[in-house]
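Numbering (numbering that gives the first Met the number 0), first residue to last: 0 to 142. Remarks on the structure that follows.
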Amino acid sequence: MDYKIPAEYELGIPYLDEQHAQLVALTDQAQTLLKDDSTIHKLEQLTEILRGIQDYTVYHFTEEEAFMETFSYSRLDAHKKLHADFIKRLEKINGKLSDISPSTQDAVLEELLGYLRNWLFEHILSADKIMAEESLSFAFEDL
Ligand SMILES: [Fe+2]
Ligand SMILES: [Fe+2]
């Protein structure tokens, strides 16, 4: 993978950091496509990328939740709820993409992508970081 997530977003758990980077790379790919005025069938291509983002997010959340269970994370249920709510949002967004009218397409998609990126970055910086800190303190408990 050629995308590196900014250092402040790193949890110090390499495989989860790689998955976060992959998610950000996918949203970057969508943004690049959105800005490219020469693209024909932009909505179809973006729909495909957004479905890919949803699939990868489901995969990442499953992995992250399994990790949290390994150390009986104290905020597991609340964190799972954040994940579930975001997936619901993604499903809703993806279900409505075909309704977007060509005249507002770019503006709507830009807002959607902005929302997705912000959610992901904020979630990593807050909920995921707090989780990672607890996992590290758990790891050092036995030393
Ligand atoms: Fe995460
Ligand atoms: Fe998370």
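Backbone N, C-alpha and C define an ideal beta-carbon position, used for all residues, glycine too.
Taking only the alpha-carbon atoms, compute the straight-line gap between residue i and residue j and give it to the nearest angstrom.
| i | j | result |
| --- | --- | --- |
| D27 | I4 | 12 Å |
| L135 | F70 | 10 Å |
| E110 | G51 | 18 Å |
| F13 | N93 | The sequence shown places Pro at residue 13, rather than the Phe named in the question. For P13 and N93, the distance between alpha carbons rounds to 29 Å. |
| M0 | T61 | Reliability fails at M0, whose pLDDT of 49 lies under 50, so the model's placement of it is uncertain and the value that follows must be treated cautiously. In a straight line, the C-alpha of M0 is about 21 Å away from that of T61. |
| K41 | A24 | 18 Å |
| E68 | I86 | 20 Å |
| T38 | A6 | 33 Å |
| I48 | R74 | 31 Å |
| F139 | F66 | 16 Å |
Using beta-carbon positions only, say whether residue i and residue j come within less than 8 Å of one another.
| i | j | result |
| --- | --- | --- |
| T56 | L33 | no |
| L10 | D127 | yes |
| L124 | Y8 | yes |
| K80 | E64 | no |
Could you check how far apart the C-beta atoms of residue i and residue j are, in whole angstroms? I think they sit under 8 Å.
| i | j | result |
| --- | --- | --- |
| M130 | Y72 | 6 Å |
| L112 | Q30 | 6 Å |
Can you tell me where the alpha helix (DSSP H) with residue i in it begins and where it stops?
| i | result |
| --- | --- |
| F70 | Unbroken run through F70: none, as it is neither H nor E. |
| L115 | 104-122 |
May I ask you to verify whether the segment 91-100 touches the segment 18-32, counting CB pairs closer than 8 Å and requiring at least 3? They do not touch, by the three-pair rule.
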